[in-house]
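To start, the structure itself, in structure tokens.
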Amino acid sequence: KMVAKYRAGPEAYIRETLRMDPPVTSATSVLKEATTVKLAGKDFEMPAGMFNQYVLSMANRDPSVFPSPDVFDPDRGNLSEALTWNGAFGAPDEASYPRICPGR
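Just so you know, we're using our numbering here: the sequence shown kicks off at 154 and counts up by one.
What follows is the structure in structure tokens.
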């Protein structure tokens, strides 16, 4: 069954695999300007220069974005919303990504 799914849509199959198990699970950046973040109903002030880490492996399993997030489903209509270390999968071309891997 999975082989048939792959053959029917190899790109979607790979995107779903990467949504569930990304090769880069988190990334860190530095805040360019001070910002306020609301967590659990409380505002937190984050100063410019503070490290900001985002966990892709958790974001890609958000049930409000991906219903049944722990189920492998390459037929999801919103796979372009899955996050990578370099932004969302939905960028139209490589020039749209904010970063390019230095190893390529």
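Where is the CB? At the ideal position from N, CA and C, for every residue including glycine.
Residue i to residue j, Cα distance in whole Å?
i           : j           : result
residue 216 : residue 190 : 21 Å
residue 231 : residue 173 : 13 Å
residue 239 : residue 204 : 17 Å
residue 242 : residue 229 : 13 Å
Taking C-alpha atoms, which residue in the options lies nearest to residue i?
i           : options               : result
residue 218 : 234, 228, 207 and 225 : 234
residue 206 : 154, 179 and 157      : 179
residue 210 : 181, 194, 236 and 225 : 236
residue 165 : 176, 202 and 225      : 225
residue 200 : 160, 208, 183 and 213 : 183
residue 170 : 194, 227 and 214      : 227
residue 208 : 168, 241 and 181      : 181
residue 175 : 220, 221 and 213      : 213
What residue does the beta strand (DSSP E) around residue i start on, and which one ends it?
i           : result
residue 191 : 188-192
* Give, in chain order, every unbroken run of the beta strand (DSSP E) that is at least 3 residues long and sits entirely within the segment 155-210. => 179-183, 188-192, 195-199 and 204-208
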